[in-house]
DNA sequence: GCAGATATTGATCATTTGGTCAATAGAATC
DNA sequence: GATTCTATTGACCAAATGATCAATATCTGC
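Chains as they are written, first to last, in the numbering used here: chain E, 1 to 210; chain Y, 1001 to 1210.
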């Protein structure tokens, strides 16, 4: 039973098929994690023979690395777009922290955590992980630097603060991923932590309408 | 070449052999990560036939979960011993943060990160991960609560602050694990963050002799 | 020494993984 | 309608994984 009897896939141009496979891998990663992005699983998801996936990708290590980059870079772009609409660094930083910690991106968090672990045995992925971390850090650092220039934040090393904040946020998200079921608000306390790092008065980063 | 030609293992009592296998798994986890704790790898490390490992352990999932618990609970015990020698909550909290972030436990951090990922597909491990997180949070919460009682810290929810601090520290360690090669001091900034969370003046958590 | 108890092993199995390659089928072109 | 090009596939392979079990070797008690 349950031999899905896949029929022959409709012929596509190489570009279309490559995209279809990349999308299948992406959806799989978001739903079941990077570890589920396997040759056969991707093929099944794309409605295609396993050999075709192998044909379109140099190796699974590379496909996994690309899939990770696809998922994460989309997240970065999304956040950057949100930041653009805000008036100043203070609002941007507050929104940044709240949005990243709002729990609506647990699927992406899972991809991050698995990438950290898998990167140990997949050098292509490891390189991509570092690149995406740099991208994230850059976004945060830009906000902080702008705040310092505007005289709103106080720190001698915006880059270090950005790394620190990124690490804190990643850890809190990873924690929430494992402790599913607890309803603790992740965002309320960290604002005070960031205020401490940047010499701000208590409550300076609270949401405007709160 | 390189056929190790293992000779028959010297006979041990079940208790001794079980310990030997557990130690082999532990060493393997610390050196190469939880993902390297495989039936054959543990057997080779213990100088024993793979079947013997299977004989002494209900399943590899369980062995991995136990190995994780062994590694992490030792770390918790170590930190608790360190805390005992300090006079007050303020010194304890400062030391806690500095010690956890001093970079000397990257092997344990790797075990943590892999446990988060593997826990998705190993329920026994997932249960153990939550238990060990609870233990860690308990240690931190005790310090914070003592500080609040002593009038040194200011927070309405020591439990939440403890979770928050644990998440932050885990994230920073995980980040350092991936970005090996950077020499950024991980501990300097977080003190200010914690000060922000606990209503402390800047520098209150700095090392005494600094 | 001998015999029994049992710790240990080799052989083997089923699964899952990534990967290769000749063969096939279907669309496009003539 | 026949032919060519190539996207797609089935049939493999090697490696690694967890696991089982009858057979074997070795220690212990007599």
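Yeah, the Cβ is synthetic: ideal placement off N, Cα and C, and Gly gets one too.
Quiz item: In its own chain, which residues sit with a C-beta less than 7 Å from the C-beta of residue 1086(Y), not counting the 5 before and 5 after it?
Solution: 1092, 1095
Practice problem: Scan the region 1117–1132 of chain Y for residues whose Cβ lies nearer than 8 Å to a Cβ of chain E and list them as they occur along the chain. | Solution: 1117, 1118, 1119, 1120, 1121, 1126, 1129, 1130
Exercise. Could you tell me whether any Cβ in chain E is nearer than 8 Å to the Cβ of residue 1055(Y)?
Key: no
Quiz prompt | Start-to-end residues for the alpha helix (DSSP H) that takes in residue 161(E) | solution = 158–178
Practice problem: Determine whether the Cβ of residue 264(E) lies closer than 8 Å to any Cβ atom of chain Y. | Solution: Only positions 1 to 210 of chain E appear in this structure, which leaves residue 264(E) out of reach.
Quiz item: Whole alpha helix (DSSP H) runs in the region 1105–1134 of chain Y with 4 or more residues, listed along the chain?
Solution: 1106–1118
Quiz item: Got a sec? Which residues, its chain only, sit under 6 Å from residue 1061(Y) by beta carbon, not counting five neighbours each side?
Solution: 1122, 1124
Quiz item: Is residue 7(E) helix, strand or coil by DSSP?
Solution: coil
Quiz item: For residue 1106(Y) versus residue 171(E), is the C-beta spacing smaller than 8 Å?
Solution: no
Quiz item: Going by C-alpha distance, which of 176(E), 52(E), 200(E), 109(E) is nearest residue 151(E)?
Solution: 200(E)
Exercise. Output, in chain order, the set of chain E residues within a Cβ distance shorter than 8 Å of residue 1178(Y).
Key: 116, 119, 126, 129, 130, 133
Quiz item: So, using beta-carbon positions, are residue 1028(Y) and residue 1048(Y) closer together than 8 Å?
Solution: no
Quiz item: Are any of the Cβ atoms in chain E nearer than 8 Å to that of residue 1196(Y)?
Solution: yes
Quiz prompt | Helix, strand or coil at residue 1012(Y) according to DSSP, with G and I counted as helix | solution = coil
Exercise. Provide the residue span of the alpha helix (DSSP H) that contains residue 1066(Y), from first to last.
Key: 1060–1084
Quiz item: If you draw a straight line from the alpha carbon of residue 1039(Y) to that of residue 1067(Y), how long is it in whole angstroms?
Solution: 13 Å
Practice problem: Use the C-beta contact count for residue 1011(Y): other C-beta atoms within 10 angstroms, 16 or more gives buried, fewer gives exposed. | Solution: exposed
Exercise. Could you run through the region 1030–1064 of chain Y and flag, in chain order, every residue whose CB is less than 8 Å away from some CB of chain E?
Key: 1033, 1035
Quiz item: Looking at the structure shown, is residue 1094(Y) part of a helix, part of a strand, or coil, going by DSSP?
Solution: helix
Practice problem: Kindly say whether residue 1141(Y), judged by its beta-carbon, lies nearer than 8 Å to any beta-carbon of chain E. | Solution: no
Exercise. Over the uninterrupted alpha helix (DSSP H) stretch that includes residue 1201(Y), give me the two end residues.
Key: Residue 1201(Y) -> no alpha helix (DSSP H), and no H or E assigned at all.
Quiz item: Counting pairs of Cβ atoms below 8 Å between the region 67–80 of chain E and the region 126–142 of chain E, do you hit three or more?
Solution: yes
Quiz item: If residue 1197(Y) sits next to residue 192(E), beta carbons under 8 Å apart, how far is it from one beta carbon to the other, in whole angstroms?
Solution: 5 Å
Quiz item: In this structure, does DSSP put residue 1038(Y) in helix, strand or coil?
Solution: coil
Quiz item: Would you say residue 190(E) reaches chain Y, if we count a Cβ-Cβ gap shorter than 8 Å as a contact?
Solution: yes
Quiz prompt | Segment limits, alpha helix (DSSP H) that includes residue 1050(Y) | solution = 1050–1056
Self-check item: Interface partners of residue 1172(Y) on chain E, CB under 8 Å
Solution: 164, 167, 168, 171
Self-check item: Beta-carbon gap between residue 101(E) and residue 1175(Y) smaller than 8 Å
Solution: no
Practice problem: Mind listing the chain E neighbours of residue 1193(Y)? Cutoff is C-beta to C-beta under 8 Å, in chain order. | Solution: 164, 168, 193, 194, 196, 197
Quiz item: Hey, how far is the Cα of residue 1140(Y) from the Cα of residue 1063(Y)?
Solution: 28 Å
Self-check item: Interface positions of the region 84–116 of chain E facing chain Y (Cβ-Cβ less than 8 Å), listed along the chain
Solution: 110, 113, 114, 116
Quiz item: Going by beta carbon distance, what residues of the same chain come within less than 8 Å of residue 116(E), once the five residues before and after it are set aside?
Solution: 129
Practice problem: Tell me whether residue 1202(Y) is buried or exposed, calling it buried when 16 or more other Cβ atoms sit within 10 Å of its Cβ. | Solution: exposed
Quiz item: Taking the C-alpha atoms as reference points, what is the distance between residue 103(E) and residue 1009(Y)?
Solution: 52 Å
Quiz item: So what does DSSP say about residue 1089(Y), is it helix, strand or coil?
Solution: helix
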